[in-house]
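Remember, the numbering used here sits 1473 above the position in the sequence shown when you count from 1.
Ideal Cβ positions, reconstructed from N, Cα and C, are used throughout, including at glycine.
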Amino acid sequence: MPYQPIENYGLIGNMRTTALVGMNGSIDWFCFPHFDSPSVFAAILDDQIGGRFKIAPKDGAGTQKQYYWPDTNVLVTRFASPQGVVRIIDFMPVGLKETEVGYQGLVRRVQSIRGSVQIRLECSPAFNYSQWSHKTRLTPDGACFDSPGLSLQLGSQIPLTQQGDGVIAEFTLQEGQEAAFSLRGMEPGTECDISLSREKAEALFKQTVQYWRQWLSQCTYKGRWREMVERSALTLKLLTFEPTGAMVAAPTCSLPEGVGGERNWDYRYTWIRDAAFTLYGLLRIGFTDEATKFMAWLEARCRELNPDGSLQIMYGIDGRHHLPETIIDRLEGYKGSRPVRVGNGAYGQLQLDIYGELMDSVYLYNKYGTPISYDLWTHLRRLVNWVCDNWERPDEGVWEVRGGQQHFVYSKLMCWVAIDRGLRLADKRSFPADRERWLKVRDTIYEEIMTKGWSESRKAFIQRYGSDTLDAANLMMPLVFFLSPTDPRMLKTLDATNMPPEQGGLVANGLVYRYNIAETADGLKGEEGTFNICTFWLVEAMTRAGKVDRGRLDDARLMFEQMLGYANHLGLYAEETGHSGEALGNFPQAFTHLALISAAFNLDRTLGSKS
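Structure follows, in structure tokens:
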């Protein structure tokens, strides 16, 4: 069936790139060698010409199940039919020795568990979003695919047959037999030397399993929902670019926020906001090494400020500043959702909230990780001064609207956070700072939010000055200690948000919309689903209010448990959940998984001992 549901995929990776593996045994998304490299397989964006690497029983009958090898990012897809049971173990080798660097890429092990099963393999690369042609060379050990910018080797112990620009193979595995395949890069024009023995496949598998289990053993979280928290942590680790410490918002591009619509974006970059929240999520459960590497990446960006002293909202995983947005007309998009965008024009937007998220994450790193350096402080001090000079400007806001700049309340809130955390850091570490000015501006922002950001008619904090529409981002107010979670204004905002959309609220069936698109001129057509991170934000805000109101705490727990039910079969979340419970948007999304970790952490702590 063309176009599997987005939630039908699992993720594998090696902290350089990732691949999406469908329940039907097809790898439908794979960029190589890095997250933001052009695609090799992109059938998820065009079923006909996008390219795929599929291994599955030839008859296609029976049931499919997917699960992760315990405590790892090694994915197992199992097919069961009357003829027998076969499983495919997919992974990208990690923890490689210097002599094994050539194995960076994909390894697929096909094993017959019971009976005799006929298998069909199809590998059809479509380089650079299907824009580059390539030549296919068959070899005694597999095949080579040569394109203008990349050559790949497919290692196979099974004889392959060329079909068009790809290759196919059909073979039968008896019970206990295995066939192993590898796909990795090579220097263009070189001879293929690509055999992957069963013994080597087994060694790489064991090495990879050991790496993930050793990494996960650092996790300090022992509370409720531990399995979901650990799966979220493993997913966030997959979205880390190991060479620089950067973290991508998601490993995919142009998966639609509404099928058939134009809300299709490229998330394979590092947003200051997403990465700062991710840092917080990992720090809370013991992963300090990732936080340290990201802080080094962040410090490098702070040395590359714009001429006016500001930061960009996002950067390439290698730190590059220029991320031009182009449209790939050749691809039809997921289920016809055009346009397919590569690059992201939002990098030039003004989003004032990023400074709050940045300063909050640095403050937490200084508290729970390692004390920051004076040199980093000098850059941060400059950023806080920039916020003092610019907080009154309108901006595009946290949701990156393309309908013009506004005075968004959340942006003002996070400017307050930026200055507040700057003051806290300065006092905690006795750093030099313009404290008198910072205090004055911080208090001015606070009073303006309470005056212009509050609607007497709605009895709630609103999205932007002069409007009456709500915004789920304001649920962050008690989470960043701007307001007490039991402040009457916050409780009224919670109650207003918790109403269904037709009554002016943002919650439908326990799921939260980021805002009401009918009331917000965001410059885009079409519908969107509920935003998963916003649901977890509401859970956390209700949890904090629930410390003195058991009813709200019970509601928070129920909403959290319901939200866990919207994860896919592997515990993964896309950016949004559609009207029928389907996954929408780029997948999996770091923002959602870090919000799950934070909500679980605080909810478990508030609920107290399970005894």
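Cα-Cα separation, V1702 to L1633 = If you take the alpha carbons of V1702 and L1633, they lie about 42 Å apart.
message = Just to confirm the assignment: which complete alpha helix (DSSP H) runs, minimum length 4, are found wholly within the region 1544-1615?
response = If we require 4 residues or more, the alpha helix (DSSP H) runs fully inside the region 1544-1615 come out as 1600-1603.
query = With 16 other CB atoms within 10 Å as the buried threshold, where does N1779 fall?
reply = The residue is exposed, with fewer than 16 neighbouring Cβ atoms inside 10 Å.
ask   = Does the Cβ-Cβ distance between M1949 and W1850 come in under 8 Å?
value = Cβ atoms of M1949 and W1850: not closer than 8 Å.
request  = Assign N1817 to one of two classes, buried (16 or more other C-beta atoms within 10 Å of its C-beta) or exposed (fewer than that).
outcome  = N1817 is buried by the Cβ-count criterion.
query = To the nearest whole angstrom, what separates the beta carbons of Y1742 and D1509, a pair I think is in contact under 8 Å?
reply = Correct: roughly 7 Å between the Cβ atoms.
ask   = Less than 8 Å separating the beta-carbons of T1681 and D1791?
value = No. Outside cutoff.
inquiry  = Ignoring anything shorter than 4 residues, give me the alpha helix (DSSP H) runs that lie fully in the region 1748-1782, in order along the chain.
reply    = Fully enclosed alpha helix (DSSP H) runs of 4 or longer: 1761-1775.
ask   = From S1589 to F1514, what distance separates their C-alpha atoms?
value = Distance between the alpha carbons of S1589 and F1514 is about 30 Å.
ask   = If you count every other CB in all the chains shown that lies within 10 Å of the CB of D1519, and 16 or more means buried, which is it?
value = Classification for D1519: buried.
request  = Mark G2081 as exposed unless 16 or more other C-beta atoms lie within 10 angstroms of its C-beta, in which case mark it buried.
outcome  = G2081 should be labelled exposed.
Rounded C-alpha distance that separates G2044 from R1704 = Taking the CA atoms as reference points, G2044 sits about 7 Å from R1704.
Which listed residue (P1530, Y1836, Y1576) has its alpha carbon closest to that of R1593 = The candidate whose alpha carbon is nearest that of R1593 is P1530.
task = Verify whether the separation of the beta carbon atoms of V1980 and F2004 is less than 8 Å.
result = Not in contact: V1980 and F2004 (Cβ atoms no closer than 8 Å).
ask   = Going by beta carbon distance, what residues of the same chain come within less than 6 Å of C2007, once the five residues before and after it are set aside?
value = Taken in chain order, the residues that qualify are A1945, V1985, R1987.
request  = Apply the 10 Å Cβ neighbour rule to K1885 and answer buried if 16 or more other Cβ atoms are within range, or exposed otherwise.
outcome  = By the neighbour-count rule (16 or more Cβ atoms within 10 Å), K1885 is buried.
query = For Q2062, which option in G2054, D2077, A2040 has the closest C-alpha, if you only look at C-alpha atoms?
reply = It is A2040 whose Cα lies nearest to the Cα of Q2062.
key: Environment of V1494 [buried if 16+ CB atoms lie within 10 Å]   = Classification of V1494: buried, given that the 10 Å Cβ count is 16 or more.
key: Buried or exposed by the 16-neighbour rule on C-beta atoms within 10 Å, applied to L2031   = With fewer than 16 other CB atoms across the displayed protein chains lying within 10 angstroms of its CB, L2031 is exposed.
task = Assign E1763 to one of two classes, buried (16 or more other C-beta atoms within 10 Å of its C-beta) or exposed (fewer than that).
result = Residue environment analysis places E1763 among the buried positions, since at least 16 neighbouring C-beta atoms fall within 10 angstroms of its C-beta.
ask   = Going by alpha carbons, who is nearest to S1499 out of V1874, P1598, E1573?
value = When the alpha-carbon of S1499 is set against those of V1874, P1598, E1573, the nearest one is in P1598.
ask   = Mind checking H1794: buried by the 16 CB within 10 Å criterion, or exposed?
value = Exposed, since its Cβ has fewer than 16 Cβ neighbours within 10 Å.
request  = Determine, using beta carbons only, whether L1796 and Y1820 come nearer to each other than 8 Å.
outcome  = In contact: L1796 and Y1820 (Cβ atoms closer than 8 Å).
inquiry  = So, for A1769: in the same chain, excluding its five sequence neighbours on each side, which residues have a beta-carbon less than 8 Å away from its beta-carbon?
reply    = Hits under 8 Å: G1718.
query = Do Q1824 and E1873 come within 8 Å of each other at the CB atom, strictly closer than that value?
reply = Taking 8 Å as the Cβ cut-off, E1873 and Q1824 qualify as a contacting pair.
ask   = Between the Cα of S2053 and the Cα atoms of G2002, D2077, K1965, V2021, which residue gives the shortest distance?
value = Of all alpha-carbon atoms in G2002, D2077, K1965, V2021, the one lying nearest the alpha-carbon of S2053 is that of G2002.
query = Residues in its own chain within less than 6 Å of A1492 by CB, not counting five upstream and five downstream?
reply = Closer than 6 Å at Cβ, skipping near neighbours: I1485, I1500, F1503.
ask   = Taking Cβ to Cβ, would you say T1725 is nearer than 8 Å to L2067?
value = Taking the C-beta atoms as reference points, L2067 is found no nearer than 8 Å to T1725.
task = For F2074, collect the residues of the same chain with a Cβ closer than 6 Å to its Cβ; drop the 5 residues on either side in sequence, then sort them by chain order.
result = Once the five neighbours on either side are set aside, the close Cβ partners of F2074 are R1757.
ask   = Who are the Cβ neighbours of L1956 in its own chain at under 6 Å, not counting the five residues just before and after it?
value = Here the set comprises M1950, M1963.
ask   = Hey, Y1740 and S1834: beta-carbon distance below 8 Å or not?
value = No. Outside cutoff.
request  = For S2084, count neighbouring Cβ atoms within 10 angstroms of its own Cβ and tell me buried if that reaches 16, exposed if not.
outcome  = Here S2084 scores only 39 on pLDDT, less than 50, and its place in the model should not be relied on; the value that follows carries that caveat. Around the Cβ of S2084, a 10 Å sphere holds fewer than 16 other Cβ atoms; the residue is exposed.
message = On the CB-based measure, 16 or more other CB atoms within 10 Å of its CB, does Y1482 come out buried or exposed?
response = Flag for Y1482 reads buried.
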